[in-house]
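Just so you know, we're using our numbering here: the sequence shown kicks off at -7 and counts up by one. Even for Gly, the Cβ is constructed at its ideal location relative to N, Cα and C. Here the structure is a predicted model, which means the values were calculated and not measured. Everything on this sheet refers to the single structure shown next.
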Amino acid sequence: MIQKNVVYHKSAKGIEAIATRQHGLGPKLRSLLILVDGKKTFDDLAQLSQMLGDTNELLTQLSDQGFIEPGAAAPAHHVPARASAPAPLSPASGPGALAPAMTLAEAQRFASRRLTDLVGPNAQELCLRIEAARNLRDFQVAVSRAEGMLRQVHSAHTADEFAAAVHSHMPAS
-7 MIQKNVVYHK SAKGIEAIAT RQHGLGPKLR SLLILVDGKK TFDDLAQLSQ
43 MLGDTNELLT QLSDQGFIEP GAAAPAHHVP ARASAPAPLS PASGPGALAP
93 AMTLAEAQRF ASRRLTDLVG PNAQELCLRI EAARNLRDFQ VAVSRAEGML
143 RQVHSAHTAD EFAAAVHSHM PAS
């Protein structure tokens, strides 16, 4: 049973399922699993996944199969993702400051999260390419593809914001 006042995160099995496709999740469950990030509340997930079907039912399946686990209780003052102000592009302070150097894996997670926040489940293929990058060059190619898609589907402004955010979190070579 899904607790709607709890924020869920991927279990080790869930992380493996996204990385390897080993567990044979269907497209709806896989798309929702990609959205589960340990930050989004049930309401956020329901809003982002409304085209997939009954969010409660799908999350219950993911939980029952061990792909997600409950985390902390959702903050009482939480504002749903689409209604909140845009997140800052970088956690660094001061104009033009870069975030601390990240590992490739951290940068991949950041880029995938940012892309999923912007596009939702339709970002799945691009997120998989970003997460599959084994070196900085492959990562940059995958990010460029995502930027191009954002430029076509959303706007140049959205694509530029995505590119700037990812660039500020680019790993050291």
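Considering only the beta carbon of each residue, do Gly58 and Ser3 sit closer than 7 Å?
Yes, the Cβ-Cβ distance between Gly58 and Ser3 is below 7 Å.
Can you tell me whether DSSP reads Ala125 as helix, strand or coil?
coil
Give me the residue from Asn114, Arg143, Gln100 with the minimum Cα distance to Ala134.
Gln100
Name the residue from Gln116, Leu24, Gln42 whose alpha carbon lies nearest to the alpha carbon of Leu51.
Closest option to Leu51, Cα to Cα, is Leu24.
Can you check DSSP and say which residues form a bridge with Pro62?
Tyr0
Distance check for Gln132 and Asp29, CA to CA, integer angstroms please.
23 Å
Leaving out the 5 sequence neighbours to the left and right, which residues in its chain are closer than 6 Å to Asn48 when beta-carbon positions are compared?
The beta carbon of Asn48 sits closer than 6 Å to those of Ile(-6), all from its chain and outside the five residues before and after it, given in chain order.
Which residue marks the beginning of the alpha helix (DSSP H) containing Ile26, and which one marks its end?
19 to 27
Where does Ser41 sit, in a helix, a strand or coil, going by DSSP?
Note: Ser41 maps to coil in three-state DSSP.
Thinking C-beta only, is His159 closer than 7 Å to Met94?
no
Could you spell out where the alpha helix (DSSP H) holding Thr150 opens and where it closes?
148 to 160
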